[in-house]
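In case it helps, mature numbering (1 follows the signal peptide of the UniProt record, and there is no 0) puts the sequence shown at residues -20 to -1, 1 to 203. Structure first, commentary second.
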Amino acid sequence: MLFAKSSVAMVSLFTLLVAAAPAPELLSARELCNGTITLDERVQSYTIASGDSLGAIATKFNRGICNIATANKITNINFITAGQVLTIPAQVCIPDNTSCQPKTPEATATSILGGPGFYIVVSGDTLTAIAKNFQITLQSLIAANPAITNPDLILVGQVIIIPVLPGSSCTISPYVIKSGDIFFDLAAKFGTTAGQLLSLNTGTDPTKLAIGQTVTIASGCKK
């Protein structure tokens, strides 16, 4: 009988301990972002005005371009119309600005127009990525840099030779960043390549442009 009473007491104590244990806490969006930012979790509406771009709207609401495109089933981010009502989704930790961008066709060119004929390697670069940014073939880039014996090994700060079509030229001029501008979109806007913009703006972080900041642009590139 004493054993039975002890068993009941132990079960009761276990029940109390379980009841006292705190329930697992659901992490808030802010905690999921490591507490570094306070997210705007509201879903809002916005009516497109004349002159708007999806990039400008994304900047206005601090959202990713592709997050907005997905929420509104927009298949062409360069085509929106004034008067259209957009759903602005909740802010996320890592905005998506790339997945909805138009795909760049595989490069067939072996040289660029106008220059500059060099590129300075930054952290994370590979010859494949550099060739893609300049829209030239990897083989042509390797051929222009015979001193590189291992294409998979390049160093930060190393100067890479970019093949330039002889006799070609570009107009080099300053450009002031406006609301909605995205660095890599400027290449398409001015008919140049992302690699040329990066070479002309060494030290500029393309992901951290500020309105009013001046960058150097190559435009009117021709043979």
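Using N, Cα and C, we set each Cβ at its ideal position, and we do this for glycine too. Bear in mind that the values here come from a model prediction, so they are computed numbers and not experimental data.
8 angstroms CB neighbourhood of residue i in its chain, flanking five on each side removed
i	result
I197	I152, S153, P154, Y155, L166, F170, T172, L177, L180
Q64	T27, I28
Q24	F41, T67, I68
T117	A87, T88, A89, T90, A111
S159	A36, T39, K40, I191
Proximity winner among the options, relative to residue i (alpha-carbon distances)
i	options	result
Y99	L19, S149, I141, V136	I141
K112	S91, I128, G200	S91
G44	K203, I116, T106, Q81	Q81
L71	P126, T18, T184	Note on identity: in this sequence residue 71 is Gln, with Leu being the wrong assignment. The option with the nearest alpha carbon to Q71 is T18.
A168	A127, C13, Q138, Q115	Q115
G104	P96, G35, G31, Q138	Q138
G97	A127, T184, L145, D185	L145
G31	I54, N58, R22	N58
Own chain partners of residue i with C-beta closer than 6 angstroms, once the 5 adjacent residues on each side are dropped
i	result
A124	I141, P143
C150	G94, A198, C201
L66	Y26, N52
C13	C73
Through-space distance from residue j to residue i, alpha-carbon basis
i	j	result
D20	N56	26 angstroms
S33	T108	31 angstroms
L133	Q119	15 angstroms
I68	C46	11 angstroms
A38	D161	10 angstroms
A62	Y26	11 angstroms
T187	A29	26 angstroms
T129	G147	29 angstroms
I60	F163	20 angstroms
L135	V102	8 angstroms
P131	K203	29 angstroms
A127	I54	46 angstroms
R22	T106	40 angstroms
Contacts around residue i, its chain only, beta-carbon distance under 7 angstroms, and the 5 residues preceding and following it disregarded
i	result
I157	L189, A190, I191, G192, Q193, V195
I110	Y99, L121, I140, G175
E5	Annotation note: pLDDT 40 at E5 (below 50); position unreliable, no value reported.
T184	V195
T182	I100
For residue i, the three-state DSSP class (helix, strand or coil)
i	result
L66	strand
C201	strand
A3	At A3 the pLDDT is 41, less than 50, meaning the model places this residue with poor confidence and gives no usable figure here.
Q115	coil
A127	coil
G192	coil
F163	helix
T108	helix
F41	helix
E11	Any reading at E11 needs caution, since the residue's pLDDT is 48, under 50, leaving its predicted position unreliable; the model's value is listed next. E11: helix per DSSP, three-state reduction.
S33	coil
C73	coil
Q24	strand
C80	coil
T151	strand
Inter-stretch contact (C-beta, 8 angstroms, three-pair minimum) for the region 38 to 54 and the region 63 to 76: yes
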